[in-house]
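Written out below as structure tokens is the structure these notes cover.
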Amino acid sequence: MVAVPARQVLALGFLALLLPHPSCAPVAAIDGAAARSDDGARWILAWSPERFEEVLVKRPDLVEPNLTMLADAYGDPALAPQAADFHARLLRARIHRLGAAPSAAEVDALLTLFLVHPGRFGHVPELRRRIVASWPGALDAATPPPHSLRARLLREMNALPEFDYEASEKLETAWGLVPRSSADRRREPPGPFAFEDDLSRPIAASVYSLPSDLIDLAGATRLLGAVRALDARRELLVMTDQRPLPAEAAGEGGELPWEVLPTFGRLFSPWPRDPLSLVRRPDGGVLVLVRPNVQPQREEDFYLGRELVQTLPERLDRAWKGVTWGTSLIPFHNGQALLVPEAVWIDLHAVEIRALALLGMPRVPVELFGSPTGVDLYAAAVERAAAELGALYGRPVRFVHPLPSERPAAERPALMARLGGGAGHDLDALLTLLPGRKQTALVADLTAGRRLLAAAPAAEWAGFRAGYGLAPPAERLPGELTAALDTPAAAGLDTFLDLVAEHLGKQGMAVERLPLLLVPTRLLARQEELRHDVFKITWNNVVVETREGKVRAEGFASLLPAGDKRAAAAFTRAGSALDLLPPLVRSVILTGGYRCASNHLRG
Numbered sequence: 394m395v396a397v398p399a400r401q402v403l404a405l406g407f408l409a410l411l412l413p414h415p416s417c418a419p420v421a422a423i424d425g426a427a428a429r430s431d432d433g434a435r436w437i438l439a440w441s442p443e444r445f446e447e448v449l450v451k452r453p454d455l456v457e458p459n460l461t462m463l464a465d466a467y468g469d470p471a472l473a474p475q476a477a478d479f480h481a482r483l484l485r486a487r488i489h490r491l492g493a494a495p496s497a498a499e500v501d502a503l504l505t506l507f508l509v510h511p512g513r514f515g516h517v518p519e520l521r522r523r524i525v526a527s528w529p530g531a532l533d534a535a536t537p538p539p540h541s542l543r544a545r546l547l548r549e550m551n552a553l554p555e556f557d558y559e560a561s562e563k564l565e566t567a568w569g570l571v572p573r574s575s576a577d578r579r580r581e582p583p584g585p586f587a588f589e590d591d592l593s594r595p596i597a598a599s600v601y602s603l604p605s606d607l608i609d610l611a612g613a614t615r616l617l618g619a620v621r622a623l624d625a626r627r628e629l630l631v632m633t634d635q636r637p638l639p640a641e642a643a644g645e646g647g648e649l650p651w652e653v654l655p656t657f658g659r660l661f662s663p664w665p666r667d668p669l670s671l672v673r674r675p676d677g678g679v680l681v682l683v684r685p686n687v688q689p690q691r692e693e694d695f696y697l698g699r700e701l702v703q704t705l706p707e708r709l710d711r712a713w714k715g716v717t718w719g720t721s722l723i724p725f726h727n728g729q730a731l732l733v734p735e736a737v738w739i740d741l742h743a744v745e746i747r748a749l750a751l752l753g754m755p756r757v758p759v760e761l762f763g764s765p766t767g768v769d770l771y772a773a774a775v776e777r778a779a780a781e782l783g784a785l786y787g788r789p790v791r792f793v794h795p796l797p798s799e800r801p802a803a804e805r806p807a808l809m810a811r812l813g814g815g816a817g818h819d820l821d822a823l824l825t826l827l828p829g830r831k832q833t834a835l836v837a838d839l840t841a842g843r844r845l846l847a848a849a850p851a852a853e854w855a856g857f858r859a860g861y862g863l864a865p866p867a868e869r870l871p872g873e874l875t876a877a878l879d880t881p882a883a884a885g886l887d888t889f890l891d892l893v894a895e896h897l898g899k900q901g902m903a904v905e906r907l908p909l910l911l912v913p914t915r916l917l918a919r920q921e922e923l924r925h926d927v928f929k930i931t932w933n934n935v936v937v938e939t940r941e942g943k944v945r946a947e948g949f950a951s952l953l954p955a956g957d958k959r960a961a962a963a964f965t966r967a968g969s970a971l972d973l974l975p976p977l978v979r980s981v982i983l984t985g986g987y988r989c990a991s992n993h994l995r996g
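Sequential numbering of the sequence shown, starting at 394, is according to this note's numbering.
Here it is in structure tokens:
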């Protein structure tokens, strides 16, 4: 058997299904001792695993037939326990041989020993379960190899589609790669807890997720360095499968100015706000509340909160009074909820999943919205779901727009049509609430976006084009982006935003409009399959805090200085500073602004 990287297991597994069954394979032999094909499983277990490993090193041609017999032993329920012990001792012997700095070829060969039989590992679930169960016994925290090799092995294993999170966690803890097991900190139901609002308290800790497949090392370093320069006291927690950060980021003692929490090859999304909330228990400790409604194409994010619990440094775990986690009983989406001390502001799209569940419907019944009766059916489910959400957040729910029940029956279908213009957009990309003697609502505005496009200096478009990797010449971009604001979808969003601004003004808020630009993905020089037609350049997707009586917000710079200047002026008029950070461009293109790309604990 040729040693192969774990990522090739699926291809080999498919090929293995086309090969003859091992009972048809040639008889295996070691040191002249042959095994018949019908008793090979028992024959191999009679060997000393340590001696067996020595022979395999000398005779690589015997690896494949003899590991096939070990797989046969695993497949026999009567022999499986003995096979697991044999396998663990075999792995320990090979790991001991490798020493501290094995080559890539040696690591690949070791991975082959871990998998035993790549084809059957990938296609026989029970056999895979038995093999994986033996892996923790191959290593423990007190013995070689070094941490780097353990982490390297785990990264390869996490690349296997068949290797689930539960198995990975057992290895992380058994191999001493993490301070604790999240399984030991689980609280179901989560118990009493409290959400802190988004405005009135300072940020104590910020969590970022920076996966290597979407976030480049240089961009990650620029962002984190800028955040650290803004706030020297805040804890910065960086969950990543890479180590962001070049040597120049380290201090005099070699320490990094942020905590790197390894994900061991697991590629979570770069948007840690969506899958979890950091909330406070009655004792002041921290609970990681995991979102139960997993987003399509982001299923792995369900485990991001557990990985945070596992990898949190001991000093922070103590400060957070033993961090725990649990799964919320109520669906939520933090990008669709703006928390202020006295309320949580949402739109009807924030409770869509729960409303549909209450109605027993698979999708929003837009075909019913032409009549007041159909609107009332859906609106009643929305209001019921909103009441449940208020119980989760511990404050009353208020809508950023009028509800159908607040309008005469004849006007309700038209209102639902206007509300539909906000579908598919996270509320925090469109609206910012700021504290003050009179609360301010900064509402996104496509008309303000058009004015910005007309006024932005020509010299700024070259940097915008290069920053986002756009194909058209710089001089064509204002026209292209203006055209993107004149589509039916943009018109629907525009009417929704005007409705929000009007409604919040009637609620007693001071309302100001911020520019919003829509960039068609077809303009990207790097063409690929994307599930969305446009991405936003918005100055609303920010995080707000109040520290020592002063309000400030932080968000991504737009790479269009004229827009940054206009937004900063609007925040200043509302009594808040605005600090703009180097953007994670790939995140923005994939519709994730700064608030999406960060999660925060207040303190």
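All C-beta atoms in this analysis are idealised placements derived from N, C-alpha and C, irrespective of residue type, glycine included. Keep in mind it's a predicted model, so treat the numbers as computed, not measured.
- Query: Buried or exposed: where does P724 fall if 16 or more other Cβ atoms within 10 Å of its Cβ makes it buried?
  - Reply: Buried is the call here.
- Message: In this structure, how does DSSP classify G719 when only helix, strand and coil are distinguished?
- Response: Per DSSP, reduced to three states, the secondary structure at G719 is strand.
- E628 (DSSP reduced to helix, strand or coil): DSSP places E628 in strand when its eight states are reduced to three.
- Task: Find out if the Cβ-Cβ distance for the pair V757, V790 is shorter than 7 Å.
- Result: No, the pair does not count as a contact, with Cβ atoms beyond the cut-off.
- Tell me the DSSP bridge mates of Y601? Listed as beta-bridge partners of Y601 by DSSP are V631.
- Message: Please tell me whether R521 and F514 are closer than 7 Å, where the distance is taken between their beta carbons.
- Response: The Cβ-Cβ distance between R521 and F514 falls below 7 Å.
- Per-residue burial, G433 [other beta carbons within 10 Å of its own, 16 or more giving buried]: Counting the other Cβ atoms within 10 Å of the Cβ of G433 gives 16 or more, which makes it buried.
- Taking Cβ to Cβ, would you say L923 is nearer than 7 Å to T914? Yes, the Cβ-Cβ distance between L923 and T914 is below 7 Å.
- Assuming Q703 and R573 form a contact by the criterion Cβ under 8 Å, report the distance between their Cβ atoms to the nearest whole angstrom. So it is a contact: roughly 6 Å between Cβ atoms.
- Query: By Cβ distance, which residues of its chain are closer than 8 Å to P871, with the 5 residues on each side in sequence left out?
  - Reply: The residues are L846, A847, A849, W854.
- Task: Could you please give me the residues that DSSP links to S969 through a beta bridge?
- Result: In the DSSP assignment, the residues bridged to S969 are V944.
- Taking the DSSP output, what are the residues bridged to S1002? Absent from the structure is residue 1002, since the part of the chain shown begins at 394 and ends at 996.
- Distance between A778 and A729 (C-alpha atoms, nearest Å): According to the sequence shown, residue 729 is Gln rather than Ala. For Q729 and A778, the distance between alpha carbons rounds to 14 Å.
- Task: Go through the stretch 534–568 residue by residue and report every complete run of the alpha helix (DSSP H) that reaches 4 residues or more, in order.
- Result: Listed in chain order, the complete alpha helix (DSSP H) runs (minimum 4 residues) inside the stretch 534–568 are 540–551, 558–567.
- Which stretch, first to last residue, makes up the beta strand (DSSP E) that contains S980? Counting along the chain, S980 falls outside any beta strand (DSSP E), though it belongs to the alpha helix (DSSP H) covering 978–982.
- Query: Which residues does DSSP pair with A502 in a beta bridge?
  - Reply: Answer by DSSP bridge pairing: none, since A502 is not bridged.
- Outcome for L722 when other beta-carbon atoms lying within 10 angstroms are tallied against a minimum of 16: Under this definition L722 is an exposed residue.
- Query: Is R966 buried or exposed, if buried means 16 or more other CB atoms sit within 10 Å of its CB?
  - Reply: The residue is exposed, with fewer than 16 neighbouring Cβ atoms inside 10 Å.
- On the DSSP bridge assignment, give the partners of D821 in chain order. In the DSSP assignment, D821 forms no beta bridge with any residue.
- Item | Supposed close pair P668, G698 - CB separation, criterion 8 Å | 6 Å between Cβ atoms; contact.
- Message: Would T352 and R580 qualify as a contact pair, given that the criterion is a beta-carbon distance under 7 Å?
- Response: Limits of the chain in this structure are 394 at one end and 996 at the other, which puts residue 352 out of reach.
- Report yes if the C-beta distance between G783 and G885 is below 7 Å; otherwise report no. Cβ distance not < 7 Å, so G783 and G885 don't count as in contact.
- Query: Where does the unbroken alpha helix (DSSP H) through L610 begin, and where does it stop?
  - Reply: Residues 610–623.
- Query: Between the beta-carbon of D926 and the beta-carbon of L623, is there less than 7 Å?
  - Reply: For the pair D926 and L623, the CB atoms are not nearer than the 7 Å cut-off.
- L823 versus Y771 - alpha carbon distance: Computed Cα separation, rounded: 24 Å.
- Message: Excluding the 5 residues flanking L916 on each side, which residues of the same chain have their C-beta closer than 7 Å to its C-beta?
- Response: Closer than 7 Å at Cβ, skipping near neighbours: L863, A864, P865, E873.
- Message: Please report the distance separating the alpha-carbon of L892 from that of R906.
- Response: Distance between the alpha carbons of L892 and R906: 12 Å.
- Item | Whole-number beta carbon distance between L472 and R435, since they are thought to touch under 8 Å | Here R435 really is in contact with L472; their C-beta atoms are around 7 Å apart, less than 8 Å.
- Query: alpha helix (DSSP H) containing F857: first to last residue?
  - Reply: Following the DSSP letters along the chain, one finds F857 inside the alpha helix (DSSP H) bounded by residues 854–861.
- Identify every residue that forms a DSSP beta bridge with H993. Secondary-structure assignment with DSSP links H993 through a beta bridge to S599.
- Report, in whole angstroms, the separation of the C-beta atoms of L680 and F586, which I expect to be a contact under 8 Å. In this structure L680 touches F586 by the C-beta definition: roughly 5 Å separates them, less than 8 Å.
- What separation, rounded to the nearest whole angstrom, lies between the Cα atoms of A774 and G530? Taking the straight line from one Cα to the other gives about 52 Å.
- Going along the chain, which residues of its own chain have a beta-carbon closer than 8 Å to the beta-carbon of L547, five neighbours each way excluded? Excluding residues within five positions, the ones whose Cβ falls inside 8 Å are S561, L564, E565, W568, L570, F657, G658.
- Between the CA atoms of Y861 and D591 - distance to the nearest angstrom: Each residue's Cα considered, the two are about 29 Å apart.
- Task: Measuring alpha carbon to alpha carbon, tell me which of T880, W651, I524 ends up nearest A476.
- Result: Across the set T880, W651, I524, the C-alpha of I524 shows the shortest separation from the C-alpha of A476.
- Message: Using a 10 Å radius around the Cβ and a threshold of 16 neighbouring Cβ atoms, would you call P442 buried or exposed?
- Response: By the Cβ neighbour-count rule, P442 is buried, with 16 or more other Cβ atoms within 10 Å of its own.
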